[in-house]
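Heads up: the structure comes next, in structure tokens.
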Amino acid sequence: MDIAAFAISQLALIALEKNADIVQQASLTSQLPPAALVRHGLALTNLVPAGQRTGFGGRTLLDLEADTAIVADGKLPPHGVRQGDIVRVEVQPSGSATRKEKSDIKDAGVEGVVHRVFETKVSVAINLSSSDDDSAAVDRICTAGKRLWIVKLANEVTFNRMEQTMARLRDLGTATSPSSPLVDVLFGKTDPTAPLELKEGDITWFDTGLNGSQKEAVRFALASREVALIHGPPGTGKTQTLLELILQLVTPTAGPPKKILVCGPSNISVDNIVLRLPSSLPIIRIGHPSRLLPRVLERSLDALTRTSEQGEIVTDVRREMDALLTRLNASGKARIKGKARRDGWTQIRDLRGEYRRREQKCVAELVGGSKVVLSTLHGAGGRQLHGEKFDVVIIDEASQALEAQCWIPLLLARGGIPKLVIAGDPMQLPPTVKSVTTPQTSVAPTKTPETLETTLFSRLLALHGGEIKRVLTTQYRMHERIMAFPSLELYDSALIAAPEVAGHLLTTLPYPVAETEATTAPLLFIDTQGGEFPEDPATDPATAKSTRLALSSESKSNRLEARLVALHVEALVDAGVKECDIAVLTPYNAQVALIAALVRERYHGVEVNSVDSFQGREKEAVVISLVRSNEKRETGFLKDVRRINVAVTRARRHLCVVGDSDTVASEKGFLRRWLEWLGDETKSGAVVRYPDVGEVLGGWVDSVEIGR
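Dropping the structure here:
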């Protein structure tokens, strides 16, 4: 594959995706009133400034609290603003504000990242440069004497870094920017070099509990010279395998230790690795403190810059800035005014510059002294790692990452990275893509991908075949009957249920659960065939009540099926299954809302979510609502094999599938085989039920208002 052609194609696809993301967010924030934005989780209103201080990187942390003139107890109302959200802080417009007034307010606002969310306040890390204008902008909105609000923004930073990376990739292979051996392998210009010979006795295992396929994957990754793929189907201990690989690389029994950069597409994917690495291992977690799990913060760059020797000097400068900010933000007679105020902000600017210079020196020492650096893929493009050299890059959850994201850590240093190990499962959902591009059902080895859904993992498999891959085969999550069909259809019947999970049931949970048909059946199929449980009519976008509803008007729902699901949840809870051990999943957001309205009123601990949002997680009992039931036998995106695979493999001890076999099985291929397999009790071992619509219409769910 031509490198330049690939990069140019990716740049065009990234531009489409960036525009789709911005347009969707802008259409919502510009057309909906503040109250509606709050209801949809896109804003938080009626705030007042409560103070400023200095955070990591010299950022100004602006604390905003609820206006007690409106909220008597000082607590923030229910809202959807979360830690890590990119937001703009503005003066809140009045209900009578004109379009021009709203535009002026928007221009006067400041952008930042939500640092912390508390019961009574929100802390925002403002993105400031060292200019007087930026500092003055914060001062203006805080001293305006008006209420403020927070509005969520589209995240353009990731797109910008991908664009910069693809521009660099486009130039590789030229005389001024030669490609590396790894890059040549990744584009098929050369074949992977023959791996090193490693025998069983050459490795001393840190984790002696690894199974045979995990050890083989680690051995293969150590022996590979340029690239290795670790295919980890659901529940097969992929993270455990990567932990062993990391330890083998940094503390080898033979040869010099390697410096490693570990990345993932999301903060949670990276934090899960950080939490399981030994506390004695010198590591550093790169990332905005606002986006990290609390238990990870002590190993973050932010925390380490405070506790290191060089960090003490940085802390002194921070204290001086905070003391000056306190004086500048004082009210009444203590308030600094006129020229002294302007001089104060100039001093803040100078201190911020000094802070950053000292902090950069401290960061360089910390990163240089760490054996393992961990970051999100786009976070690897930050200034903290600029020019840093690594021996190996490990990318976890690579099947959920855009390929352009994966190139950010690979092109960090001039000359490139010598070796890449990527782990994932191409049979689970790819990264979410909002822009409409050419559908691509297979990956051609030498053809430029036509969609961002084509991941680096899938492309390398198509390019080099199974010789660069090892598969983990023992799974530690699912009852063997739940595992059986995914293993047969998607994993070449290679999966084996570990003895400790092969036969576990809800009745063998470590707390009392009564023996019922539901709790003793690992696999239950409630078949609504016959047309008595039809999906709801589609919403007409022209009559949608809001922009958000219009944008999601194609989402499907099925009220009668939602009632069936609610009744099954009731049966599980009545038998003794804890609510926190139950999840209800469905491919459609409209159905999520319907089921949530039914279930959450009575069972607050039961999680109701979309299949896509639940990827990477598990529950003891999972109920799946397929939704589709219509005369045209349309199945929509149920036909996506990967989405069904994710849904089925979330359950540990009990999986209940609710759906219309007449409609769903009309789709040829995987869907039909799955429904036929579920309905054949001799093959699947499933319990099959055919519900009566009259019985479903009775009971407690009738008293719950779910609207039309």
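With our numbering applied, the sequence shown covers 1012 to 1719. We put the beta carbon where it would ideally sit given N, CA and C, even for glycine.
Next item on the list: Would you mind working out which of V1638, R1481, G1364, L1193 sits nearest A1549, comparing C-alpha positions?
Entry: Closest option to A1549, Cα to Cα, is V1638.
Note to self: So, under 8 Å CB-CB, P1765 and L1159 are touching, yes? Tell me the CB distance rounded to an integer number of Å.
What the structure shows: The structure shown does not extend to residue 1765, since the chain is modelled only from 1012 to 1719, so the question has no answer here.
Next item on the list: Might you give, ordered along the chain, the residues of its own chain that have their beta carbon closer than 6 Å to the beta carbon of S1020, omitting 5 neighbours on each side?
Entry: Within the same chain, S1020 has close Cβ partners T1459.
Notebook entry, point to check: Would you call the segment 1619 to 1627 and the segment 1589 to 1609 in contact, with 3 or more CB pairs under 8 Å?
Noted result: Enough Cβ pairs lie closer than 8 Å, so yes.
Next item on the list: Taking all protein chains shown into account, decide if F1198 is buried (16 or more other Cβ within 10 angstroms of its Cβ) or exposed.
Entry: Counting the other CB atoms within 10 Å of its CB gives F1198 a total of 16 or more, which places it among the buried residues.
Check: Do G1690 and F1536 have their CB atoms nearer than 8 Å?
Finding: A contact, by the Cβ cut-off of 8 Å.
Check: Are three or more beta carbon pairs between the segment 1328 to 1348 and the segment 1281 to 1299 nearer than 8 Å?
Finding: Touching, no, given that fewer than three Cβ pairs across the two stretches are closer than 8 Å.
Margin query: So the candidates are E1629, N1278, D1402, S1636; which of them puts its Cα closest to the Cα of V1238?
Written below: Looking at the Cα atoms, D1402 is the closest of the given residues.
Notebook entry, point to check: So, W1356 versus A1147, is the Cβ gap smaller than 8 Å?
Noted result: Between W1356 and A1147, the gap from beta carbon to beta carbon is short of 8 Å.
Checklist line | For W1000, three-class secondary structure by DSSP | finding: With the chain covering only 1012 through 1719, there is no way to say anything about residue 1000.
Next item on the list: Determine contact between the segment 1515 to 1522 and the segment 1639 to 1646, defined as no fewer than three beta-carbon pairs at a distance below 8 Å.
Entry: Too few Cβ pairs lie closer than 8 Å, so no.
Margin query: Quick check: what's the CA-CA separation for C1667 versus D1538?
Written below: Distance between the alpha carbons of C1667 and D1538: 10 Å.
Margin query: Alpha carbons only, please: which of V1432, V1675, T1204, V1454 is nearest the one belonging to S1640?
Written below: Ranking V1432, V1675, T1204, V1454 by Cα distance to S1640 puts V1675 first.
Check: By how many angstroms is the C-alpha of V1374 removed from the C-alpha of Q1395?
Finding: One alpha carbon belongs to Q1395, the other to V1374, and they sit about 7 Å apart.
Item checked: Rounded straight-line distance, which links the Cα of L1431 to that of K1400 -> Annotation: K1400 to L1431 spans about 13 Å, alpha carbon to alpha carbon.
Next item on the list: Could you check how far apart the C-beta atoms of K1694 and A1662 are, in whole angstroms? I think they sit under 8 Å.
Entry: At roughly 18 Å, the Cβ-Cβ gap does not stay under 8 Å, so K1694 and A1662 are not in contact.
Notebook entry, point to check: Among all the DSSP beta bridges, which residues are the ones paired with F1536?
Noted result: Partner(s): V1668, V1699.
Next item on the list: Flag this pair as yes or no: are the beta carbons of N1656 and Q1439 separated by less than 8 Å?
Entry: Yes, the pair counts as a contact, with Cβ atoms nearer than the cut-off.
Check: Per DSSP, which one or two residues make a beta bridge with N1620?
Finding: The partner list for N1620 (beta bridge, DSSP) reads L1596.
Checklist line | Element boundaries [alpha helix (DSSP H), containing D1032] | finding: Under the DSSP assignment, D1032 falls in the alpha helix (DSSP H) whose first and last residues are 1014 to 1042.
Next item on the list: Take G1052 as the anchor and find which of Q1035, A1015, A1077, H1090 has the nearest alpha-carbon.
Entry: The option with the nearest alpha carbon to G1052 is H1090.
Check: Are there 16 or more other CB atoms within 10 angstroms of the CB of Y1701, so buried, or fewer, so exposed?
Finding: Classification for Y1701: exposed.
Checklist line | Host beta strand (DSSP E) of I1294 (start-end) | finding: Under the DSSP assignment, I1294 falls in the beta strand (DSSP E) whose first and last residues are 1294 to 1296.
Next item on the list: From the DSSP output, read off the bridge partner residues of T1387.
Entry: Per DSSP, G1275.
Check: Which residue from I1014, E1376, F1170 puts its Cα closest to that of N1030?
Finding: With distances taken between Cα atoms, N1030 lies closest to F1170.
Check: What three-state label does DSSP hand L1605 in the structure shown?
Finding: Helix, per DSSP.
Notebook entry, point to check: When you compare only the Cα positions, how much space is there between R1064 and D1313?
Noted result: For the pair R1064 and D1313, the Cα-to-Cα distance works out to about 15 Å.
Margin query: With the cut-off set at 8 Å, would you say G1398 and R1172 are in Cβ contact?
Written below: Not in contact: G1398 and R1172 (Cβ atoms no closer than 8 Å).
Notebook entry, point to check: How far does the alpha helix (DSSP H) with H1768 in it reach, from first residue to last?
Noted result: The question about residue 1768 has no answer here: the residues shown for the chain are numbered 1012 through 1719.
Item checked: Member of K1163, I1033, S1114, P1088 whose CA lies at the smallest distance from the CA of V1125 -> Measuring from the Cα of V1125, the nearest candidate turns out to be K1163.
Next item on the list: Identify the continuous alpha helix (DSSP H) that holds G1123 and give its terminal residues.
Entry: Here G1123 belongs to no alpha helix (DSSP H); instead the beta strand (DSSP E) covers 1121 to 1128.
Notebook entry, point to check: When you compare only the Cα positions, how much space is there between L1072 and E1122?
Noted result: Between L1072 and E1122, the alpha-carbon positions lie close to 12 Å from each other.
Margin query: I need the DSSP call for A1658, collapsed to helix, strand or coil.
Written below: The answer is helix: DSSP assigns A1658 an H, G or I state.
Item checked: Rounded C-alpha distance that separates A1476 from I1359 -> The amino acid at residue 1476 is misidentified as Ala; the sequence shows Gly. Going from the Cα of G1476 to the Cα of I1359 covers about 57 Å.
Next item on the list: Pull up the distance between the alpha-carbon of I1014 and that of K1200, whole angstroms please.
Entry: If you take the alpha carbons of I1014 and K1200, they lie about 10 Å apart.
Notebook entry, point to check: Who pairs with A1508 in a beta bridge, going by DSSP?
Noted result: Within the DSSP bridge table, the entry for A1508 names Q1486 as partners.
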